[in-house]
Structures are given as structure tokens and as C-alpha cells.
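Protein chains in written order, with the working numbering: chain D, 1 to 362; chain V, 1001 to 1362. C-beta: ideal position from N, C-alpha, C; glycine also.
There are 2 protein chains.
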Amino acid sequence: MQHPENDKQYKGLVVNEGVQNLPQVNPYATFRRQKRELHAEEYVEGILRGDITLLGQAVTLIESSLPKDQAIAQKVIEQCLPYSGNSVRLGITGVPGAGKSTFIEALGTMLCHQGKHLAVLAIDPSSERSKGSILGDKTRMNELSTEANAFIRPSPSAGSLGGVARKTRETIVLCEAAGFDTIMVETVGVGQSETAAHSMVDFFLLLQVTGTGDELQGIKRGIMEMADGIAINKCDGSNVERAQAARVSFKNALALFPPPESGWQPYAETCSSIDKTGVLKVWKMVEDYIRFTKENGYFDYRRTRQAKYWMYETIHSALLNGFYQNPVIEKMIPEMEQQVLDNKISSFVAAHKLLEEYARHK
Amino acid sequence: MQHPENDKQYKGLVVNEGVQNLPQVNPYATFRRQKRELHAEEYVEGILRGDITLLGQAVTLIESSLPKDQAIAQKVIEQCLPYSGNSVRLGITGVPGAGKSTFIEALGTMLCHQGKHLAVLAIDPSSERSKGSILGDKTRMNELSTEANAFIRPSPSAGSLGGVARKTRETIVLCEAAGFDTIMVETVGVGQSETAAHSMVDFFLLLQVTGTGDELQGIKRGIMEMADGIAINKCDGSNVERAQAARVSFKNALALFPPPESGWQPYAETCSSIDKTGVLKVWKMVEDYIRFTKENGYFDYRRTRQAKYWMYETIHSALLNGFYQNPVIEKMIPEMEQQVLDNKISSFVAAHKLLEEYARHK
């Protein structure tokens, strides 16, 4: 899977922030257009061969909003699907400052040295505004980015969460077909994005840092119960004792939660991405979970449910967008909301008035 | 607000399980039809006067599926809306066995003796199947049911959660217009119903019992983070020490959660509905919360957001039902799902095929 030129190129992608952060545009796009258009079959053949150049170009098609690109992309995905699925999908979330990038860098490098093929993706709908807040900054993954076995792809900066999530999930398919056996999906634990990430991974890791609880401020409520495990990062220097104490508190807290469907009891490990200590303990937690859930059947059940989830999720957002983007509805909603807030009509009457209008004008 | 005959009648309602559990039918229905039909204005006038007979009959209209009844019901609600809102809305959830009914009985009786006017409602979409699992069994609220200031109404057994929730929320409006200053909404903490309850109350109380954690089994994950406070019930007899210990564990656990929007730090109290100890401590927690959130503005913000929530929630379920109840879609879905599960097409392609069909056949 070693392609010096691809390596260069993918690094080019990550380095070249200016370009990658233009909505809908990135280095491949220009690069690809210089050459003759490829057929879906050529991409598929290349991907199955492990050709990272073609993988990267196919991902660019997925990220493109051009109907012509999307048409090819969907063909490629369809033909890659039968070869996908054979990987461990790890979701990693945590507030900015939890050290997600350094953790991924540390763990990822170790896994590459074990001979694993690692694809690091991201879901960050804000990346357009935040100039690629995650995975955008190569300097944060200096070491990992030089690993030939690593494929790092910043979050598609495609606006809506739904769009970004779809592209990331479709990219997972291509990466797996290309032979990547370990997929990491990084997300910022502040918005809706971690729900999307949680719905496409096998293990959802919450990266925490110790402290008075202020660090939790940014984390959306409910995330702790979504986590299959917690890693308390920055367990180094003067922080070790607090990290150890935090591990115990989290352990006790997690024990108070109702046991998750998986039958797996989430727990917390401490680690230091700087000292590189405990990082493999965290990975062992993931491997133990995978073994455990493959034995009790939850692993397949979760993936099956995720496939359904994305089908229904896509349908629902399409139906709702159709409604809210209807000009008549758009005009009517503020007034209806106001009447509800003024106790002039009930929420239900307001809803039905809007639905009647929609039926008339769609 | 004392009406001996209403009291009799409402008791008749609660006693008469056989009737109340027939879908869409209940004692009032028959009772009402014997008399001449009333106009919306007559119901409203009676409700504002605090006439519990007419309140009960109006609630029956809300619960009725007859378009004619619904038409009157919506008029009544609309005219009562300006007089609603002046109450404390308390949601109470907990697994079966947590002692919700005895707790409500104990707390409710105390509040009535303080001169409060208490309406006890329920959201239990399963009540049709479970024969009114909550509030259906009068014997479980023997004492409270004799209080003239108490109005107890079992969950409407109307099938869908959306329907049940709507009816309960509309019933709150009428109860408040009738002068009830304290509304309790009971729900079983096992399904979706507590999300609905949480979305219509000011304070959401999780009733817990001590133990090895088995008691948590039934509770849906995420509920603990929805709770504004926890009451550890059955803190009596040989259970006192364990309950005290549990209070501390929950306190520590809650402290690990990110602080809720309200700025209020949820905590746990112990109580015994049998010994009647601690019950008023729990109520004090509710009162403190109300004062706190009224001062920082969150109280109104939460109610405003809830009003909007129900408007959008109603719209969304209507849009989705329109899709899923479309015969063409109904026929197509299993096949699409299968193709997704067999990795023949991606979740997104399947979704778009279904949406195209829907556009053609709606």
C-alpha cells in the first residue's frame, strides 16, 4: 500500500489548508480535471488495489457537489460496498483542548507500527467557518502524517451536518475497500456531530481531561452515556494524581448508568499522549470491546442498525427540508411561532395550520 | 372547588377501569351523550369557574377521536389558553417498582392539605395494553383520591405516544384554566414517554430506589441527564443506610455531568412515601428550583421552548407519518432495507430511491 507519490500528494492535501478549506474545492479537484475523466470502474479497480491516489480522488468525488461527480461517486460506492465492513471503526470525541489530535497521533502511529492500515477521518460541520478546526492542521499530526500506512482526510467542509456525515460515512466504505483495517472518526464533542459519529462507529471513545469539571462545560449532555469508554488524557507531570482520581470517579459514575445494550460495562483509562503512556491500554479497551461484542452478536447488530439509521435519517431530513424550504411555510412560521408564544393558539393548532398550507402549496 | 358529585364522578372514572381502558371511550363519553351537547363557551365558562364536572367532560372531548368532539375541544383549549400557565408543572418518572404512585399519593396529599389544587395526569402510551398501568388503579391512590382539591386523570389510552402526549399537554391547559396550581405528570421511565413528559414540565424528577443497580435496568439511558433532581424513595426500615449511601453516589455522579442549561445543579434527596419522611424535602427541591429558574429567566425560556418544541414535533410526526403510511412506500421499505443490509446499495441511495417513489405517488 506504499505509494511515495500518493504520500506526497496526501500530505499536500493536508498541508494545503488554504485550498482545502474552500467550500467544495480541494487539491484533487483541480488535479483531477487536468487529467482525462476516469470511469467508476477505474476508481473501483484502483481502490481495491489499494491505490491511495485513486482513493483520494474518489473521496473528492464524494465531496463534490457537481451532479456529474456525484453520479460517478455513487457508482464507485455501490461497487465498493461488497468489499467494505472489514475494519474496526473508532469514534473519538472530546472538547477542544482534550487533546484529540495528539491522542490520535500517538495511538495512530503505534497502530501503524503494528502494521495496521489506518484511515483518520473527521466530522466537523463547522470546519468551513473554523478553517478546518480538526485534522486541518497538519502540524498537529506531524508524525502520523509521515506514516505510509496512514490516510488522513480532513472533514469535508460541506455545510450541513447531514451532508458532512453522509460524505464521511461513504468515505469509510471506500477506505475499507482500499484495505484500511482501522478507521478513526474524530469529532468535536460540542454539537450534533458526535451523534452522527456515534452512528457510524463500532466504539465511541470520549476523551476527557481532568479538572474541576470546567472541562466538561463544552461537552453536550448525554455524550457520557453514548461513550463505550472514556480515556482521561494528559495523565502526565503534575496531573497524574488528578487523572488517577478522575478515573475512579468516572468509573463510579459509569457504574450508576443503566448497563448499555451491548452488555459491555464502559470504564475509564488514563493515558498521556505526550509520554505515550496508557495509549495502548486504551486501544486494548477497544479491542476487548470488539471481541466481546462480536461474541455476543452486538457488533453486527449495531452495524445493521446503523445502516438502517442512515437510511431513515436521510429520508427524514429530506422530508423536513422539503417543508421548511417551502417559501410559503418559511414566510408563515415566524407568525405562527409568535401566536404560540403569545398563547393565542396551541402548538398543535399552529402545526396543523402550517401543514394545511404546505399541502396546498407543495 | 368542591363538588361532591364531581368527586363521586371522577372517582367513578378511576374505579371504572373496564370502561376507561377501552380505546377512545370512557365514562364521560356515555355520560355526556345522555345530556344535550354543550357549546365550547359553556365548557370554558364552567372550567374558569372551577367546575370539575365540566373540566372532566372537556378532557373527554380532548381524548375523543370524533372530529365533532375535537372541533369543540380545540375551541375550548383556544379560549382557555390565556388563563393557563400559572402553575408548577412537575414531571415524575421512575421504573415500575420505584413507588411513583405512593410517592405522588404522599406528596399530593400533603400539598392538598397546604391548600394547593393538584391535578395528576399521566403519559403512558402502553396504558391500553397494560390496562392503565399508571394512575389506573384507584386503590394505589386511595387517600389522595378522596381529596377535594385533587383531580386525577389516568393516561389517555390513545395508542401513539404523540397522541397521548398531545392530549396530556392540552389537558394541562384546561386544568390550569380551572385553577389547578400544581400539575403532576407521571410517566414510566422505560420508553419514549419520559421525553414527552420532560418536554411539558418545569421540573423533571427521577424517582430512584436503592440497590445493586438492577433497579436501573429498566430506566432508559439518558434519563439521568434529563432529571432536574433525583428522589431516592423507600428510604425506610432496613433500607435507610443504603438509601443514604445512594444519595451520595448520585450526588457525585450528577456533579460529573456538564452543568445543565438552567444553571441549576441537580442533586438527590432521600424520602419514604410510607413513613412520609423526606417527601417535603423533595418538594422543597422543586420549589427552590422554580424560584432559582424564575430569577435567572430559565423558567420562561424553558416554557417558551417547549411551546415551540410541540409545534415542530407535531409537524415532524405528521410529515413522517404521511411518508410511512403511503402504501407504495410501505410495500417498498422492507426490500430497500434488505438491500441495504445485504450491502447491495448504500443507505443513502436506498433513501433517495424511496423519496423518488414517494414524490411520484403522493
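Legend entry - Interface flag, D/F323 vs chain V, CB-CB below 8 Å: yes
Legend entry - Short CB-CB distance (under 8 Å) between V/I1077 and chain D: yes
Inset, instruction - Check the Cβ of V/A1350 against every Cβ in chain D and list those closer than 7 Å, keeping chain order. - result: M311
Inset, instruction - Using a Cβ cut-off of 8 Å (strictly closer), state whether D/K68 contacts chain V. - result: no
Inset, instruction - Determine whether the Cβ of V/H1316 lies closer than 8 Å to any Cβ atom of chain D. - result: yes
Legend entry - Where the segment 165-196 of chain D meets chain V: residues whose CB sits under 9 Å from a CB there: R166, R169, E170, V173
Inset, instruction - From the DSSP output, read off the bridge partner residues of D/I230. - result: D/L206, D/A268
Legend entry - Where D/L54 falls: helix, strand or coil (DSSP): helix
Legend entry - Counted within 10 angstroms of its Cβ, other Cβ atoms place V/L1107 as buried (16 or more) or exposed: buried
Legend entry - Beta-carbon proximity check, V/S1065 vs V/G1162, cutoff 8 Å: no
Inset, instruction - Keeping to the same chain, check which residues put their C-beta closer than 6 Å to that of V/K1251; ignore five residues upstream and five downstream. - result: Y1267, A1268
Inset, instruction - Could you confirm whether any beta carbon from chain D is found closer than 8 Å to the beta carbon of V/I1123? - result: no
Inset, instruction - Show which residues of chain D have a CB atom less than 7 Å away from the CB atom of V/L1320. - result: H316, L319
Inset, instruction - Would you verify that the beta carbon of V/N1233 is, or is not, closer than 8 Å to some beta carbon of chain D? - result: no
Legend entry - In DSSP terms, what V/I1123 is bridged to: V/T1187
Inset, instruction - Quick one: which unbroken alpha helix (DSSP H) runs of 4-plus residues sit fully inside the segment 292-340 of chain D? Chain order, please. - result: 298-324
Inset, instruction - Indicate whether at least one CB of chain V lies closer than 8 Å to the CB of D/I345. - result: yes
Legend entry - Segment contact, 8 Å Cβ cut-off, at least three pairs: the segment 81-91 of chain D with the segment 1340-1357 of chain V: yes
Inset, instruction - Ignore the nearest five residues each way along the sequence and tell me which others in D/Q339's own chain have a CB closer than 7 Å to its CB. - result: I345, A350
Legend entry - Nearest-angstrom Cα separation, counted from V/R1166 out to D/G229: 38 Å
Legend entry - Three-way DSSP call (helix, strand, coil) for V/L1355 in this model: helix
Inset, instruction - Please confirm whether V/V1209 and V/A1122 have their CB atoms less than 8 Å apart. - result: no
Legend entry - Check whether D/Y301 and D/W264 have beta carbons under 8 Å apart: no
Inset, instruction - Counting only the same chain and skipping the five closest in sequence on each side, list residues whose C-beta sits under 8 Å from that of V/K1116. - result: N1149, D1181, T1182
Inset, instruction - Reducing DSSP to helix, strand and coil, say where V/G1222 ends up. - result: coil
Legend entry - Pair within 8 Å by beta-carbon distance, V/E1176 and V/N1086: yes
Legend entry - Three-state secondary structure (DSSP) of D/A106: helix
Inset, instruction - Indicate whether V/G1091 and V/T1195 have their beta-carbon atoms separated by less than 8 Å. - result: no
Inset, instruction - Could you please give me the residues that DSSP links to D/A150 through a beta bridge? - result: D/L118
Legend entry - chain V contact residues for D/T304, given Cβ-Cβ distances below 8 Å: L1341
Legend entry - Within-8 Å CB hit, D/F203 to chain V: no
Legend entry - Close Cβ partners of V/G1094 (< 7 Å) along its chain, the five nearest in sequence each way excluded: K1100, G1189, L1206, L1207, Q1208
Inset, instruction - Count the other C-beta atoms from every protein chain shown that fall within 10 angstroms of the C-beta of D/V328, then say buried if there are 16 or more, exposed otherwise. - result: exposed
Legend entry - Where V/L1038 falls: helix, strand or coil (DSSP): coil
Inset, instruction - Give a yes or no on whether the C-beta atoms belonging to V/M1200 and V/R1089 are separated by under 8 Å. - result: yes
Legend entry - First and last residue of the uninterrupted alpha helix (DSSP H) at V/V1076: 1067-1080
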